[in-house]
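Residue numbers (my numbering), protein chains in the order written: chain A, 58 to 411; chain B, 58 to 411; chain C, 58 to 411; chain D, 58 to 411; chain E, 58 to 411.
Just so you know, even glycine gets a beta-carbon here, dropped at the ideal spot from N, CA and C.
For clarity, every value in this text was computed on a predicted model and none was experimentally measured.
Report on one structure; see the data block that follows.
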């Protein structure tokens, strides 16, 4: 339940636009990398100080500044001043409890999305906030961890694969979002695998703890849904072409990411339905087991209680009990008990309990 | 759960438009058939190389190219180049995890639908992706398997039955979609039959495994819904007449398919409701059985426990127990036990347990 | 589950507009009746051949042709040719699996509705498809059975009651739909009566089979909902005045039927809620009964098990058991047993189990 | 379930506009009261014949005619003729099964609402249909019972309190609706009180019948919802200013009633949620009790069954049983039984069952 | 359930606009504070009489009058007269059962929101109604308690932090709403903490009372939702810029509060889902425990019942029972009993019950 904990929300009572990092610090050191490219040339390097990137703002080439680590407030502030970012945007960048959203500040677009990772040891799904600022010919991305989801995009820029070097900065923004959504499929795949192995176990021999695992997974689905659903709306908004920063030629690609997002959402919904079904199966298996236990008890008890009674009767110490004197009394009583038991067994067989 | 497995999703990190076949390969060999017709003439043949079809693009007659098997990337690529298909469309054709959708690329419409088959051995519903590219006077359809759902359309073209030979290529597209939706009814019919026989069994003698079968069928309904629902929207879109490729005279036919799709969706919803009801019936029958078991146990136990106690009392070895000396003691005690048992039976009768 | 059976759906693979009767044949003979009227005159007669009605198409008076029995394809075809009906409409008329819908073909309106009957022997709700074709000054209605729901309308025309003779053909169409919706109230009334008597029984002495009856009724509600709900939309459409065939003066009457339809839908929803509540009550009564059974077993067992043990102790055959030699041993032991039993009873009283 | 009974619906087969009183007759005698007022003067009187009111129609002062009792069809008909009311409106007035609705007939507005009363003896919520006809300078209201909800409005007119005497007839209509909605709060309050006392009882000592009471109250909520929900829409419609009969200065007051209606709806929804929660609590308390019963049985049985067995063993009559000859055999066996019992108790203590 | 009690609703039958304080009186004394500021100067003081504030209405500086305690009707009335507030607004201010809403009266905006507090002793969430009247250059806020949520805003005005002194009165209104929404996060945090500790307890050792605590928390979620949800709509309305009192420069800040509100709503929904899940876990743990109890009983009973029967047989007093005479009879019978017990144990082990 880590993600719903206290102390992670905005501190109340501060003036809006006050920069305070909220959330876990997931990386020690801030690292800043730059890719500055056009169709012909590419400059890629790591810088130590954010000020080293400022010169690139004015160049006509496309500049992608990627900042990993958002807990150093002063860096974010300097970026804000130089690139003319609204204080509320800065506040949102350093507060990792945002919902995915898009905000249009005329001279730039601010997009917040969530990167999702499956953490194999805790068997939990972790999320990382990724903020993208898309300006006229620059793009700044903010990540929380060094688990770089953008490496494939970087590779494509380096090798000039696809149309990335020949398209504008909006295509770069698309490529980044596409990389994020692509990674959702990886997470869904892992979740699917877990569900499958859980279902196999469930149908094999249901154990007491399973209902908790299923609930845990249902909760993960809620978590996924909450982080992915708003992305749909963001993409729909961009596709409608409201922002001049996104050109029409990029719209067809946005439609593609949009489709993928819908597909992920569909899968999440299916998974929720399947998990609910698994819970029902678990419960009905548990109740079947209960039935079985009760049946055994009932069969044993109803067979032995009457014959034990017969034995009890002939264990009475009355002076005058004629049967006791008979030579075959004992054997007749045993035979009687046997008959009762067999009658019971036939009854159970008829009831299909045996 | 095959359709929700891992490894079937888009490989992350590739440039958009990279062609990679995703999904099971369901046919060995690619097969290509052509029907080129107008009101007067019809040419039908199978070709080995996709290049043999290219000449037909320019002819005024209607050309229908049907390609079975989508795992040979080079064939798809050649089609893409010659017919000027957007790389994203090609990517979607070879990725069999699409949702049904329609995309308008001005000079052609791209429609993805799902063909559904009931597989009698696995008792599962399989789906096959069918892509349709509708151009100015040509139509290319892509199927995954050789289980040809379009044979009836072919027959109608050959025999010039109905208006198919006299109408345009948009009517052909309609005819194909109609054939697909018609087949949904066949699947629904089979599912309905299975549900009926399951219900009969359920009301006869519910068995432990039935809840799993019902859950399995509920899951199939989710699967069906997911694959059919988006088709509704596609058809509504086409009917609205947004695309110049669909003429107004065809709209009235689209309304017909649309109605059928709604009918299928209605049936799916009804089936889901009925399956939920069947689960409830199963559970209440199971709990009735439990009640019955408990009742039997209780009746037997409450009758015999008191009289066994009486027998136990007279089995005690006290020196001085006056009743033991009586001549009729034994018979009085038996009579007493009988009375207790009868009192109990009357009580149960009054409670309507017997 | 009759209405969800297989084989009742459209045969796949036929050209659209192919006439095939789908559904049960509910009447032996086709019967055709004509009412041709204006304010002053009325001609009413039965004809044997559909051709006898064709002359009336051109007369300025209002012509109502009612055809009972839709399985004779040639009759439907002749109607289609003479009155210029689209093949898809004809196909829908003879396929009794339509959803209620309205289709505007400019020169005529095609309206499909469902008549509902409560069948007292099977205790089931049956539906009959009624198609109405509304032309400029003629109206053709198609019924499946001879159970004539329109007799009251006929009577009103004959006796010139209300405004029916002085209004146009659109008012006739309204009157027919009104008669159908009015009959829904009758069905709802019967269902309400059944629910009431079921509830009384349920609160009196719940029996095992009741949950199935409740489920059966819930399913009937689903069936009703499916057949009535689309009518709402049809009427809303007509009220909006999109069709020139419906005049504005009739709109106020349509609003009236619309209101009634909403009322029926409201009642269906209420009934569903009530049935769900009845199921819950049934389940909680069953579980109460289980509790009662368990309580009885527990009370009997916990009283007798300890005292049976005491009797067992003094039934042991040890040589040296001092109590056995006491004169009052027997009576003391009986007293002891009584004490234990009374203590138990007090305990149960305190727990409010008795 | 009285309100869902049969025979209370519109009689099928009658011409629309036929006046037939449908519903219970809740008052013996029709009573007619008139208030005719303007800012300066007020005339208030009871009349015996409806004809006595007709002269007031033409006066410029505001005329409020209140008719209690709607089963005398001739009175309603005369009102209809004189005030030019559409037959469908009259039909609706005398049919007490209307949903709340508003209909605009240009020269008058017809508003149907439901007055709700809590009947303390049956512990049920009764509804009464109140129809309001709002004309240019007159208002006719129809009530079913003499339980007069409008007395506070009358008082305000008499004492010229607030703006009622200085405002138009639309303000009077608002005041009447306001009085009705105000009374809903009273009903909700009573329901709230009942729920509270029920909850206290439930948490104290849940009884078997409680689930039925809760279901009964849930059903009342459904009933309330059905009767109040449409009012929201009516008020929203009036506020939108579509009718010239409602002036803009009254809109701000309508917004106030609208808010109150929303508040009542909110409360109903909350009550439903709370009742569902109470049902869950009831069920879980019942299952806890079951657990307790089973635990007691199990504890008693598992303690005594083994030691009864030991007693049984030494009650056997074998010739050669060495323990029987020992002097301390009896005491050792008692000690053994004690040990077993204590071991069991320790086990239960460890399991936290004791 | 305090918030759903009777007697707290509007008194029926009063003229609209009649001022009656409805709700608990939460503070003894009314206290009035004024902050009158512009960019350069700030006057802050407490006044005893509301008349002391009236002069400030005309000054060009921004005037914020905060009134704590709304039960003194005369104060509210004077405010209403001087600042020209509509009687319905005044009525709403003193009735603490409002839903959050916004009403535009052209020359002022009336905004009602709910402040929420977590009360640690009752472990309940309390709400306080906060009304804001936003005029051209003045703002009047009404609070119920002295628990001042606006202290941080006051501090910011005093220290001239952020843009509050340089922005208009609409920014002040925003700041107040922001402070309220910020406090929601604090409440959510506390609730989250409680849920976490509850879940830990639940997974450790579920107790009988827990289901009630969970239900109580679910009910609190309903309460929260009801009080926060309408705020979303208010903010969306303000953002749309319908009111000239809110300038466009403030809109970007409103979007920020709007986002926070959505976030709170999301969290509430998540919490509800989690609580439902916890209930399910509780129930399945309870049923597991039941299973365990039944299993123990069954194991003990099925082992001892058969062997007790054997002992009973050899306790019979028949004259002729050969086994009794054998020397090893006793030991053989003990051995037999042991065998039966071991066979049962093996059976249970195979069934995985042990």
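With a cut-off of 8 Å on the beta carbons, I'd call residue 275 of chain E and residue 350 of chain A a contact; round off their distance for me. In the fifth chain, residue 275 of chain E corresponds to position 218, counting from 1. In the first chain, residue 350 of chain A corresponds to position 293, counting from 1. In fact, because the Cβ distance is near 33 Å, the residues do not count as touching under 8 Å.
Would you say the beta carbon of residue 354 of chain E is closer than 7 Å to some non-hydrogen atom of the ligand FAD? In the structure on display, the ligand FAD does not appear, and there are no ligands present to speak of.
Could you tell me the distance, in whole angstroms, from the CA atom of residue 264 of chain B to the CA atom of residue 346 of chain D? The residue you call residue 264 of chain B lines up with position 207 of the second chain. The residue you call residue 346 of chain D lines up with position 289 of the fourth chain. So the alpha carbons of these two residues sit roughly 30 Å apart.
Classify residue 243 of chain B: buried if its beta carbon has 16 or more other beta carbons within 10 angstroms, exposed otherwise. The sequence position of residue 243 of chain B within the second chain is 186, counting from 1. With 16 or more other Cβ atoms within 10 Å, it is buried.
Express the C-alpha separation of residue 71 of chain E and residue 134 of chain A in angstroms, rounding to a whole number. The residue you call residue 134 of chain A lines up with position 77 of the first chain. The residue you call residue 71 of chain E lines up with position 14 of the fifth chain. Each residue's alpha carbon lies about 58 Å from the other.
Boundaries (first-last residue) of the beta strand (DSSP E) holding residue 383 of chain E: Looking up residue 383 of chain E in the fifth chain gives position 326. The continuous stretches of beta strand (DSSP E) do not include residue 383 of chain E, and DSSP gives it neither H nor E.
Evaluate the contact criterion for the stretch 333 to 341 of chain D versus the stretch 310 to 319 of chain D: three or more CB pairs, one atom per stretch, below 8 Å. Verdict: no, contact absent.
Using a beta-carbon distance below 8 Å, is residue 58 of chain C in contact with chain D? Position 1 of the third chain, counted from the first residue, corresponds to residue 58 of chain C. No answer about residue 58 of chain C holds up, because its pLDDT of 42 lies below 50 and its placement is not dependable.
In this structure, how does DSSP classify residue 302 of chain B when only helix, strand and coil are distinguished? Counting from one through the second chain, the residue named residue 302 of chain B turns up at place 245. The answer is coil: DSSP assigns residue 302 of chain B none of H, G, I, E or B.
Please list the segments of the alpha helix (DSSP H) lying wholly inside the stretch 58 to 135 of chain B, counting only runs of 4 or more residues, in order along the chain. Correct list: empty.
Cutoff 6 Å; reference residue 74 of chain A; Cβ partners in own chain excluding five residues on either side: In the first chain, counting from the first residue as 1, residue 74 of chain A sits at position 17. Correct list, in chain order: 144, 145, 148.
Close Cβ partners of residue 80 of chain B (< 6 Å) along its chain, the five nearest in sequence each way excluded: Numbered from 1 along the second chain, position 23 holds the residue referred to as residue 80 of chain B. Cβ-Cβ distances below 6 Å link residue 80 of chain B to 153 in the same chain, with the five nearest sequence neighbours on each side left out; the list follows chain order.
Less than 6 Å between C-beta atoms, sequence neighbours within five positions excluded: which residues of the same chain meet that for residue 187 of chain E? Numbered from 1 along the fifth chain, position 130 holds the residue referred to as residue 187 of chain E. Taken in chain order, the residues that qualify are 170, 172, 200.
Identity of the residues DSSP links to residue 158 of chain C by a beta bridge: For the purposes of this step, residue 158 of chain C is taken as residue 101 along the third chain, with counting starting at 1. BP columns for residue 158 of chain C point to C/169.
For residue 254 of chain E, count the other beta carbons within 10 Å of its own beta carbon; 16 or more makes it buried, fewer makes it exposed. Which is it? Residue mapping note: residue 254 of chain E aligns to position 197 of the fifth chain, counting from 1. With fewer than 16 other Cβ atoms within 10 Å, it is exposed.
With a threshold of 16 other CB atoms inside 10 Å of the CB of residue 268 of chain E, please say whether the residue is buried or exposed. Here residue 268 of chain E refers to the residue found at position 211 when the fifth chain is read from its first residue. It is buried - the Cβ of residue 268 of chain E has at least 16 other Cβ atoms within 10 Å.
Rounded C-beta distance between residue 113 of chain B and residue 93 of chain B? I'm assuming under 8 Å. Working through the second chain from its first residue, we reach residue 113 of chain B at position 56. Working through the second chain from its first residue, we reach residue 93 of chain B at position 36. The beta-carbon distance between residue 113 of chain B and residue 93 of chain B, rounded to whole angstroms, is 5 Å. This is short enough to meet the 8 Å contact definition.
Spatial distance of residue 417 of chain C from residue 126 of chain C (CA atoms): Residue 417 of chain C falls outside the range modelled here, since chain C spans only 58 to 411, and no answer is possible.
Give, in chain order, every unbroken run of the beta strand (DSSP E) that is at least 3 residues long and sits entirely within the stretch 208 to 276 of chain C. Within the stretch 208 to 276 of chain C, no complete beta strand (DSSP E) run reaches 3 residues.
7 Å Cβ cut-off: residues of chain A touching residue 388 of chain E: Position 331 of the fifth chain, counted from the first residue, corresponds to residue 388 of chain E. Ordered by position in chain A, no residue passes the 7 Å Cβ test against residue 388 of chain E, which lies about 20 Å from the chain.
For residue 152 of chain B, does the three-state DSSP call read helix, strand or coil? Taking the first residue of the second chain as 1, we reach residue 152 of chain B at position 95. Residue 152 of chain B falls in the strand class under three-state DSSP.
Return the chain-ordered list of same chain residues with a C-beta closer than 8 Å to the C-beta of residue 221 of chain C, the five sequence neighbours on each side being excluded. What you label residue 221 of chain C is simply residue 164 of the third chain in a count that begins at 1. Here the set comprises 210, 213, 214, 228, 229, 232.
Using a Cβ-Cβ cut-off of 8 Å, state whether residue 64 of chain B counts as contacting chain C. As a working note, residue 64 of chain B is residue 7 in the second chain. Bear in mind that a pLDDT of 42 at residue 64 of chain B, under 50, signals an unreliable position, so the number given afterwards is only what the model happens to contain. Not closer than 8 Å to any Cβ of chain C, the Cβ of residue 64 of chain B fails to qualify, so no.
Between residue 156 of chain D and the rest of its own chain, which residues show a CB-CB distance below 7 Å, the 5 nearest in sequence each way excluded? For the purposes of this step, residue 156 of chain D is taken as residue 99 along the fourth chain, with counting starting at 1. Same-chain partners within the cutoff: 287.
So for residue 142 of chain D, helix, strand or coil by DSSP? Along the fourth chain, one-based indexing puts residue 142 of chain D at 85. Residue state, collapsed to three classes: coil.
Start and end of the beta strand (DSSP E) containing residue 199 of chain B? Counting from 1 along the second chain, the entry for residue 199 of chain B is found at position 142. Where residue 199 of chain B is concerned, the enclosing beta strand (DSSP E) stretches over 195 to 200.
Straight-line CA distance for residue 189 of chain D to residue 236 of chain C? By 1-based counting over the fourth chain, the position of residue 189 of chain D is 132. By 1-based counting over the third chain, the position of residue 236 of chain C is 179. Taking the CA atoms as reference points, residue 189 of chain D sits about 28 Å from residue 236 of chain C.
When you compare the CB of residue 320 of chain B with every CB in chain C, is at least one pair closer than 8 Å? Translated into positions along the second chain, residue 320 of chain B becomes position 263. Answer yes: the Cβ-Cβ gap between residue 320 of chain B and chain C drops below 8 Å somewhere.
Using a Cβ-Cβ distance under 8 Å, would residue 392 of chain C count as near chain B? Mapped onto the third chain, residue 392 of chain C falls at position 335. Chain B contact via Cβ: absent.
Enumerate, from N- to C-terminal direction, the unbroken alpha helix (DSSP H) stretches of 4 or more residues contained entirely within the stretch 300 to 357 of chain A. Taking only runs of at least 4 residues, no alpha helix (DSSP H) segment lies wholly in the stretch 300 to 357 of chain A.
Can you give me the C-alpha to C-alpha distance between residue 234 of chain A and residue 168 of chain D, rounded to a whole angstrom? Taking the first residue of the first chain as 1, we reach residue 234 of chain A at position 177. Taking the first residue of the fourth chain as 1, we reach residue 168 of chain D at position 111. Straight-line Cα distance between these residues: approximately 54 Å.
Three-way DSSP call (helix, strand, coil) for residue 391 of chain E in this model: Numbered from 1 along the fifth chain, position 334 holds the residue referred to as residue 391 of chain E. Helix at residue 391 of chain E.
Judging by CA-CA distance, which residue of E/327, E/192, E/223, E/245 is the nearest neighbour of residue 122 of chain E? What you label residue 122 of chain E is simply residue 65 of the fifth chain in a count that begins at 1. Nearest C-alpha to residue 122 of chain E: E/192.
Taking the straight line between their C-alpha atoms, what separation do you get for residue 139 of chain E and residue 160 of chain E? Within the fifth chain, residue 139 of chain E is the residue found at index 82, counting from 1. Within the fifth chain, residue 160 of chain E is the residue found at index 103, counting from 1. Cα-Cα distance, rounded: 19 Å.
Interface positions of the stretch 99 to 123 of chain C facing chain B (Cβ-Cβ less than 8 Å), listed along the chain: none
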